[in-house]
Amino acid sequence: MASQTGAIVQQSLHALMGDPAFLPQLRGELREQSFQSLAAILSTPNKVHKAFLRIALGGGNVVRIPAFRIQHNDALGPYKGGIRFHETVNEDEVTNLAALMTLKNALHEVPFGGGKGGVVINPRSYSEKELYLICKKYVQYFSDVLGPDKDIPAPDMGTGEREMDWMMAEYKNINPGSPYLGSFTGKSIVSGGSLGRREATGKGVYFTFRYMLHDFLKEHSGSLSGSDNPFAKTALSYAGKPMSVAVQGFGNVGSVAALEAYKCSALRNRVVAVSDRNVTLYNEEGLDIPALLAFAAANKGDLPTSPETLEEIGLKARVLGREDVLYLGVDVLFLAALEDQIRADNVAEVKARIIVEGANAPITGEADAALAESGTIIIPDILANAGGVIVSYFEWLQGRETQFYTEEEIYKLLFAKMQKTMNGILPAYFGDPLPLRQNCYVHAVMKLSSVLYRQGKLY
Ligand code: GLU
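Letter by letter, the sequence shown follows residues 111 to 569 of the working numbering.
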């Protein structure tokens with residue numbers, strides 16, 4: 111397992127081993143051996159599936175495209191996690207992300223294990239027909255290991271409803287007569303997807319931020335006012351004051367989080383910057399997010415890139431470089447683009463006091479430590495961006511029952527689930543010196559360890 115995830119899992123196991131109240135049945139040498147087996151189980155995937163998809167391109171060339179499906183752990187249920195299409199996808203990255211899914215599902219009590227897939231392509235360089243063939247081939251090559259009770263993929267970077275619909279259709283071709291609605295989640299509504307799935311990650315990201323900064327704080331402000339916890343101190347210093355917000359990424363997660371921040375009356379945010387793969391747009395007074403959403407919808411998802419275009423559509427903003435969003439003097443920065451955005455080499459330039467991880471792993475381990483040192487608050491991916499997989503779980507349930515919920519019901523269930531997770535960890539977190547990410551990991555590892563122990567998997 112690469113980097114951050116692996117290191118924090120090891121630290122969590124170490125802390126739990128030293129806590130005699132955790133699995134007290136395990137003592138002495140047996141305790142040592144059991145924790146060693148836990149470390150081995152959590153640091154390696156159960157299965158790594160790799161293939162080279164043979165695709166005849168539109169021009170007649172035949173290429174072989176590397177593709178992965180990595181099944182990290184299924185102690186809590188079938189493997190679950192997205193498939194990303196990106197030119198830098200590699201085995202280490204997918205393994206790391208699969209492990210993060212195992213932990214994310216454990217933390218939020220979603221009854222799934224963790225998996226992840228990847229295809230090494232830049233989807234923008236392929237025609238629709240070619241992408242269709244790539245999706246079909248992916249399912250053909252991995253059909254033995256996929257299925258509603260085995261491993262359930264979903265969208266991730268570079269994939270969406272269209273790809274999930276194609277993949278589910280191929281799964282259905284290969285497995286005639288078997289239930290197929292639960293084979294993929296993140297499908298379009300007409301293909302059996304769930305209302306609210308598309309917005310779920312972005313909404314969940316913003317909900318987590320608002321709950322921590324406002325709702326929970328408000329309810330507990332008495333007991334937290336003397337707390338030494340840096341989060342409590344920072345959050346209380348904002349009580350009732352408007353916050354300036356920057357959002358990196360204007361895709362499925364960032365654009366929804368930006369709109370939620372724009373609309374939120376509880377925190378009276380000003381969304382002063384948004385960015386995408388081309389530009390950062392900045393306006394100190396606040397950006398008109400609905401107008402930017404309308405522009406992006408009409409322009410293949412891209413933000414306007416020139417002062418002339420901004421003028422034409424009547425939008426007031428300065429055009430900055432795409433990376434500039436990271437270094438603005440804002441209160442809150444949402445990272446909803448790619449991984450490894452804040453690293454040892456640029457962390458010193460980051461000025462935001464609160465960072466929310468909408469993407470998976472946007473901060474490297476070294477940068478994470480440096481930010482903790484400087485008192486920056488981080489709401490980690492494992493906690494904040496689970497909305498996608500939580501609504502994927504509701505989609506899977508709805509597919510089983512062929513009974514569908516309204517959009518309102520979905521959001522209610524989503525927020526209740528995320529709130530339950532936060533209520534389970536926040537009281538301890540506010541009284542504990544461990545950073546929030548570490549706290550979440552300890553919870554997830556505790557859950558997995560107990561299940562693995564009870565199921566006799568540690569011998
Ligand atoms: N790709 C998303 C994630 O990283 C969603 C996974 C899912 O819905 O299974 O959490």
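All C-beta atoms, glycine included, are put in the ideal place defined by N, C-alpha and C.
Just so you know, these numbers come straight off a predicted model, no measurement behind them.
Please determine whether the Cβ atom of residue i lies at a distance below 7 Å from any heavy atom of ligand 1.
i: T295; result: yes
i: A446; result: no
i: N470; result: yes
i: K190; result: yes
i: K214; result: yes
i: N495; result: yes
i: S298; result: no
i: S502; result: yes
i: V355; result: no
i: D266; result: yes
i: G541; result: no
i: G498; result: yes
Measuring only the C-alpha atoms, how far is residue i from residue j?
i: Y236; j: G336; result: 57 Å
i: S253; j: R510; result: 20 Å
i: N283; j: K247; result: 12 Å
i: M532; j: R547; result: 12 Å
i: N495; j: K557; result: 19 Å
i: K410; j: G306; result: 21 Å
i: E240; j: E271; result: 16 Å
i: H159; j: V229; result: 12 Å
i: V199; j: T269; result: 13 Å
i: G170; j: V249; result: 22 Å
i: I299; j: V457; result: 41 Å
i: K131; j: I244; result: Rather than Lys, the amino acid found at residue 131 in this sequence is Ala. Approximately 50 Å between the Cα atoms of the pair.
i: E197; j: N232; result: 5 Å
i: Y242; j: R234; result: 13 Å
i: E433; j: E459; result: 11 Å
i: A480; j: Y551; result: 19 Å
i: A477; j: G431; result: 22 Å
i: H59; j: Q565; result: A question about residue 59 goes unanswered here, because the residues of the chain that appear run from 111 up to 569.
i: F162; j: I452; result: 32 Å
i: P134; j: L377; result: 44 Å
i: S301; j: E505; result: 11 Å
If I measure Cβ to Cβ from residue i and keep anything under 8 Å in the same chain, skipping five residues before and after, which residues do I get?
i: A112; result: Bear in mind that a pLDDT of 42 at A112, under 50, signals an unreliable position, so the number given afterwards is only what the model happens to contain. Cβ within range, chain order: D202, E203, T205, N206.
i: S331; result: L346, A349
i: I489; result: T318, F319, M322, I464, I465, V466, E467, L546
i: L420; result: L391, P414, K426, A427, V429
Going along the chain, which residues of its own chain have a beta-carbon closer than 7 Å to the beta-carbon of residue i, five neighbours each way excluded?
i: P62; result: Since the first and last residues shown for the chain are 111 and 569, residue 62 lies out of range.
i: S293; result: L256, G257, P258, I262, M278, Y281
i: A367; result: G312, V315, Y316, V357, F444, A446, G468
i: K426; result: N393
i: K226; result: I180, G191, G192, V204, L207, A208, M211
i: A149; result: Q120, L123
i: G396; result: R380, V381, V382
i: D184; result: N156, G223
Going by alpha carbons, who is nearest to residue i out of the options?
i: Q181; options: M211, L397, E139; result: M211
i: L213; options: G116, K239, A177; result: G116
i: M528; options: S416, Y569, M322, T154; result: M322
i: E449; options: D491, A150, R463; result: D491
i: A408; options: P417, E418, I423; result: I423
i: A538; options: T390, G303, R564, F341; result: F341
i: G361; options: E309, L536, A371; result: E309
i: S375; options: P289, D325, L133; result: D325
i: R387; options: V555, G359, F405, K343; result: G359
i: E519; options: S304, F405, R432; result: S304
i: L524; options: L536, G497, F540; result: G497
i: L369; options: E421, D398, A454, L334; result: D398
i: L327; options: F540, A406, L544; result: F540
i: Y563; options: A125, I151, I118; result: I151
Report back the beta-carbon spacing between residue i and residue j to the nearest angstrom; my notes put them in contact at under 8 Å.
i: R570; j: V355; result: What the structure shows of the chain is the stretch from 111 to 569, and residue 570 is not part of that stretch, so it cannot be assessed.
i: T415; j: V429; result: 7 Å
i: L413; j: V384; result: 7 Å
i: T318; j: L493; result: 6 Å
i: A401; j: Q114; result: Wrong, their Cβ atoms sit about 37 Å apart, outside the cutoff.
Once the 5 residues before and after residue i are set aside, which same chain residues still bring their CB inside 6 Å of it?
i: S502; result: A264, T295
i: G439; result: K461
i: R174; result: F162, R164
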